[in-house]
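The working numbering puts the first residue of the sequence shown at 590, with every later residue one more than the last.
Each residue gets a CB set at the ideal place from its N, CA and C atoms; glycine is no exception.
Keep in mind that this is a model prediction, so the values were computed, not measured.
Working notes for the structure below.
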Amino acid sequence: MLALLAALPAAAEDYMPFTERYGHQFENERAWNEAAVTLPDYPEAGRGNWFQLYVNPTYANQAEVLLPLEKAADGSLRYVLAIRSPGGQPNYTYEGIRCHDLHQRPFAFGDNSNRRWIAPRNTQWRLYDNYRTTADPVRGRLMRILCEDGIPRSAEEAEQLLHRFGKRS
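Quick look at the structure:
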């Protein structure tokens with residue numbers, strides 16, 4: 590027993606962290622770098638492949654996502670979202686979701702008068718916690734549909750999730 594205890598300091602000197610020993614990092618330990626953002630063409634009302642998103646029974650506005658979704662090189666999902674109040678103009682945003690750490694970010698807001706995208710003042714990725722989910726039911730619903738069971742491997746898989754779980758049942 591004493592020999593074993595005497596050997597511990599020597600073993601500790603030989604310790605090398607996994608990443609140094611094998612030159613590999615686990616995915617959740619790697620630094621995340623955002624891919625370049627290219628804004629899509631400004632959407633036209635009534636044109637394009639819009640998917641009507643069911644939010645909840647008390648949500649009075651209409652939420653739609655323009656398909657196809659985009660899976661960026663950094664792994665985030667990017668999409669155009671339109672929210673229309675009853676009888677009103679659609680409010681467009683170009684947004685992104687990171688499923689691996691549950692963050693959301695607006696890339697641009699729509700200006701319907703001049704048909705152009707406007708950069709937001711706050712360009713930070715924000716953690717999507719339960720408080721914000723209840724305060725923002727549309728993005729909370731998108732986060733639950735797209736990220737509930739992990740990270741979609743492709744934009745097509747994300748769209749399948751949207752079609753499967755985003756409709757009124």
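In the DSSP output, which residue or residues are listed as bridge partners for residue i?
i: N645; result: Its beta-bridge partners do not exist; DSSP assigns none.
i: A654; result: Reading off the sequence shown, one finds Val at residue 654, where the question assumed Ala. Paired residues: F640, L670.
i: I707; result: F698
i: R715; result: Q693
So is residue i buried or exposed if we call it buried at 16+ other beta carbons inside 10 Å?
i: K756; result: exposed
i: A724; result: exposed
i: Q693; result: buried
i: A671; result: buried
i: A662; result: exposed
Distance check for residue j and residue i, CA to CA, integer angstroms please.
i: P646; j: G676; result: 19 Å
i: S674; j: A649; result: 7 Å
i: D738; j: A697; result: 27 Å
i: H752; j: N622; result: 29 Å
i: W706; j: G699; result: 5 Å
i: W639; j: A744; result: 15 Å
i: Y717; j: N701; result: 27 Å
i: L628; j: R730; result: 23 Å
i: I734; j: P695; result: 18 Å
i: R715; j: R728; result: 12 Å
i: G637; j: E748; result: 15 Å
i: T712; j: I686; result: 13 Å
Whose C-alpha, out of the options, is nearest the C-alpha of residue i?
i: P652; options: A724, Y681, A661, G664; result: For the sequence presented, residue 652 should be read as Ala rather than Pro. Comparing Cα positions, the closest option is Y681.
i: L642; options: N622, S743, M732, G664; result: M732
i: V626; options: R742, Y668, R715; result: Y668
i: A708; options: A724, E684, T723, R730; result: E684
i: F754; options: G637, Y631, V644; result: V644
i: I740; options: Q749, E748, C688, L750; result: C688
i: E633; options: S665, P679, L666; result: P679
i: C736; options: D690, R636, A662; result: D690
i: Y589; options: R704, L666, V654, P695; result: This structure gives no information on residue 589, because the portion of the chain shown stretches from 590 to 758.
i: E746; options: W714, Q713, P695, L666; result: L666
i: A620; options: L658, P726, G664; result: G664
i: E659; options: A624, R636, G635; result: A624
Locate the beta strand (DSSP E) running through residue i, then write down its first and last residues.
i: I672; result: 666-673
i: P679; result: 679-687
i: L699; result: In the sequence as presented, Leu is not what sits at residue 699; that position holds Gly. Note, G699: beta strand (DSSP E), 692-700.
Starting from residue i, follow the alpha helix (DSSP H) in both directions and report where the run begins and ends.
i: L628; result: Taken as a continuous stretch (DSSP letters only), L628 belongs to no alpha helix (DSSP H), as it is neither H nor E.
i: I734; result: 726-736
i: Q749; result: 744-754
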